[in-house]
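Undergrad: Using our numbering, read the sequence shown as starting at 2 and increasing by one per residue. So that we are looking at the same thing, I have put the structure below in structure tokens.
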Amino acid sequence: MEWFEEWFGEEYLQLNPHRDDAEAERAVALIAGVVGLRPGCRVLDVACGAGRHARALRRAGARCVGLDL
């Protein structure tokens, strides 16, 4: 098993149930307000993990690419 599978597998979700899509949506709303995120803007999500924020950014209209190990 790779380290990231061990660290961010099912146990991670069980230990951190608050880190869900709703939390990502709230974070993206905050970021969008601060930086003036507009539909179609390009965003690079570095260390995106499972991609919660990248998916939320795409739903907000951003052209988002996520990178992780």
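Ideal Cβ placement from N, Cα and C applies to all residues, glycine included. Since this is a predicted model, take the numbers as computed values, not measurements.
Using 8 Å as the Cβ pair cut-off and three pairs as the minimum, do the region 17–33 and the region 48–58 touch?
TA: Taking 8 Å as the limit for Cβ pairs, the verdict is that the region 48–58 does touch the region 17–33.
Undergrad: Following the continuous alpha helix (DSSP H) through R27, name the residue where it begins and the one where it ends.
TA: Residues 22–36.
Undergrad: Compute the Euclidean distance between the alpha carbons of V66 and A48, then round it to the nearest angstrom.
TA: Spanning the two alpha carbons is a distance of roughly 11 Å.
Undergrad: Please go through the same chain and pick out, in chain order, the residues whose beta-carbon is closer than 8 Å to the beta-carbon of R39, but skip the five residues on each side of it.
TA: Contacts found: G62.
Undergrad: Could you have a look at L45 and say whether DSSP puts it in helix, strand or coil?
TA: Here L45 sits in strand by DSSP.
Undergrad: Along the chain, where does the alpha helix (DSSP H) containing R59 start, and where does it finish?
TA: Taken as a continuous stretch (DSSP letters only), the alpha helix (DSSP H) holding R59 covers 53–60.
Undergrad: If we count the other Cβ atoms within 10 Å of its Cβ and call it buried at 16 or more, is D46 buried or exposed?
TA: Classification for D46: buried.
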